[in-house]
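Read through the structure below, which is laid out as structure tokens, and then see the notes.
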Amino acid sequence: MKPAHIRDYDLLVAGEIFVEFRCDGDIAVSDVFTKDLGGADIMTAVAAARLGSGVSLISAVAGDPFHSLIREKLLSHGINIDHVITCQGYNGIYFTSPRNSEEREYLFHRPGNAAAHITPALIYEDLIENSKIVYASSELQSVSKASRHAVFKAFNLAHSNGVMVAYDPNLRLRLWSLDDAKECLWSVLPLIDVMLPSAPDETKALFGYERPLDVIGFLWDRGISIVVVKTGPNGCMVGYDGKIEEFPLPCSTGSPENLTLIGSVFNGGFLHNIARGHDPFTSARFANNVAMFKSLKGGGMDALPTKEDLQ
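Laid out in structure tokens, this is it:
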């Protein structure tokens, strides 16, 4: 296996690609929507790529009218798509509205889901070994049994080869049941190095704890070395190497314009910094700045910061 500093990819992401339709008001009554790429895993991938990480994506794109748009958008953001297959069916779509800082709307549609074609056959050892970090979330696991097996295979190969494994539980009960989410989480838990959950609702449902301090202790006891508990407007708490630090969001004179998938934006910033050799505490502070920049600028993936934006 290549030494980490000469691997081609800082981050390898396995995830589902959505087409996002975004509006400013109530979804049901809005007449104007902005079209963009979406999905939690894709947002993480693009956030890291725009900051300068080498990012490769494992996914599937259906040959529907959005096919060319998806591929062109991914390439424009610097994502390697050599491992994104074309398949039959339709690409998932969702409608979303930030509405305000306290409330967001999502409406998902997965007709003839392209992501169901993300199977273990797309995961192979050479690709894993050529990456510093392998990342996925439960969003992909929620698609099908085959996609769950694909995530397990990717994580198992990474774990066996000393490649860092990062995971966001990203609990969305609109997509599947709590029991299924827990089953998939526990199946990969022994393979994970970096866990990125959100408190309090998600951690309460999955682990039985609301307080970030308790969540960190719970996951440390189960072998997770880096735990980053995201706490929304309060920032995050990081546990690593026996130390725990809290990182509030940086002060700002502006108000958030769009918090859609902001946790995934944070993930991209955090993993980008980790891949560059920074410690988890420095990386959390950096990721807070990335997330704050995106929330204040609003918009979609084009609003994600580059490294020049943060200087």
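Sequential numbering of the sequence shown, starting at 158, is according to the working numbering.
Glycine included, each C-beta is placed from N, C-alpha and C at the ideal position.
Where the alpha helix (DSSP H) through N430 begins and ends:
Start and end: 419-432.
From S220 to G246, what does the alpha carbon distance come to, in whole angstroms?
The residue asked about is misnamed: residue 220 is Gly in this sequence, not Ser. Roughly 7 Å separates the two Cα atoms.
Alpha-carbon spacing of P405 relative to M449, whole angstroms
Approximately 11 Å between the Cα atoms of the pair.
For the alpha helix (DSSP H) containing I174, list its first residue and its last residue.
No alpha helix (DSSP H) contains I174, which DSSP labels as neither H nor E.
Tell me the residue span of the beta strand (DSSP E) that contains V447.
Where V447 is concerned, there is no enclosing beta strand (DSSP E), although the alpha helix (DSSP H) it sits in stretches over 437-454.
Can you check the segment 201-282 for any alpha helix (DSSP H) of at least 4 residues that lies completely inside it and give the ranges in chain order?
The segment 201-282 contains, as complete alpha helix (DSSP H) runs of 4+ residues, the segments 224-233 (chain order).
Rounded Cβ spacing between A356 and E367 (contact assumed at less than 8 Å):
About 6 Å separates the two Cβ atoms, so the contact holds.
Return the residue from the list L332, I381, L353 that minimises the CA-CA distance to P347.
Comparing Cα positions, the closest option is I381.
Check this for me: beta carbons of G426 and L208, under 8 Å apart or not?
Contact flag set, yes.
Here's the rule: buried if 16 or more other CB atoms are within 10 angstroms of the residue's CB, otherwise exposed. What is E259?
Its pLDDT being 49, under 50, E259 is placed unreliably in this model, and the value from its coordinates should be taken loosely. Looking at its Cβ environment, which holds fewer than 16 other Cβ atoms inside 10 Å, E259 is exposed.
Grab the span of the beta strand (DSSP E) containing T191 for me, first residue to last.
DSSP places T191 inside the beta strand (DSSP E), whose first and last residues are 191-195.
Would the beta-carbon of A271 fall within 8 Å of that of V218?
It is a contact, given that the beta carbons lie within the stated cut-off.
Using a 10 Å radius around the Cβ and a threshold of 16 neighbouring Cβ atoms, would you call A278 buried or exposed?
In this structure A278 is exposed. Its beta-carbon is surrounded by fewer than 16 other beta-carbon atoms within 10 angstroms.
Once DSSP output is grouped into helix, strand and coil, what is the label at K339?
Looking at K339 - three-state DSSP - the assignment turns out to be helix.
Mind reading off the beta-carbon distance from K310 to I280? Whole number of angstroms is fine, and I expect it under 8 Å.
The beta carbons of K310 and I280 sit about 5 Å from each other, so the pair counts as a contact at 8 Å.
Would N126 be called buried (16 or more neighbouring beta carbons within 10 Å of its own) or exposed?
With the chain running from 158 to 468 in the structure shown, residue 126 is simply not present.
According to the neighbour-count rule (16 or more other Cβ atoms, all chains shown, within 10 Å of its Cβ), is N430 buried or exposed?
Classification of N430: buried, given that the 10 Å Cβ count is 16 or more.
Quick one: Cα of S452 to Cα of T253, how far?
Using only the alpha carbons, I get a separation of about 15 Å.
Complete runs of the beta strand (DSSP E) confined to the segment 318-393 [at least 3 residues]:
Fully enclosed beta strand (DSSP E) runs of 3 or longer: 321-325, 383-387.
Exposed or buried, M458, counting other C-beta atoms within 10 Å across all chains shown (16 or more means buried)?
Here M458 is buried, its C-beta having at least 16 other C-beta atoms within 10 Å.
Report the option in A432, G455, I238, Q468 whose CA atom is closest to the CA atom of S210.
If you compare the alpha carbons of A432, G455, I238, Q468 with that of S210, the shortest gap goes to A432.
Should H266 go down as buried or exposed, given a rule of 16 or more other Cβ atoms within 10 Å for buried?
Looking at its Cβ environment, which holds fewer than 16 other Cβ atoms inside 10 Å, H266 is exposed.
From D325, V395, K400, M394, residue whose alpha carbon lies closest to that of L363:
Nearest of D325, V395, K400, M394 to L363, Cα basis: D325.
Under the assumption that G235 contacts I199 (Cβ atoms under 8 Å), give the Cβ distance between them as a whole number of angstroms.
So it is not a contact: roughly 13 Å between Cβ atoms.
Bridge partners of F178, per DSSP?
In DSSP, F178 forms a bridge with K192, F252.
If we ignore side chains and look at the alpha-carbon of each, how far apart do D378 and E229 end up?
Taking C-alpha positions only, D378 is separated from E229 by approximately 44 Å.
According to DSSP, S295 sits in a beta bridge with which residue or residues?
Note: S295 sits in no beta bridge, so no partner.
Among H435, L169, G456, Q468, which has the Cα closest to the Cα of C180?
Of the candidates H435, L169, G456, Q468, the one whose C-alpha sits nearest the C-alpha of C180 is G456.
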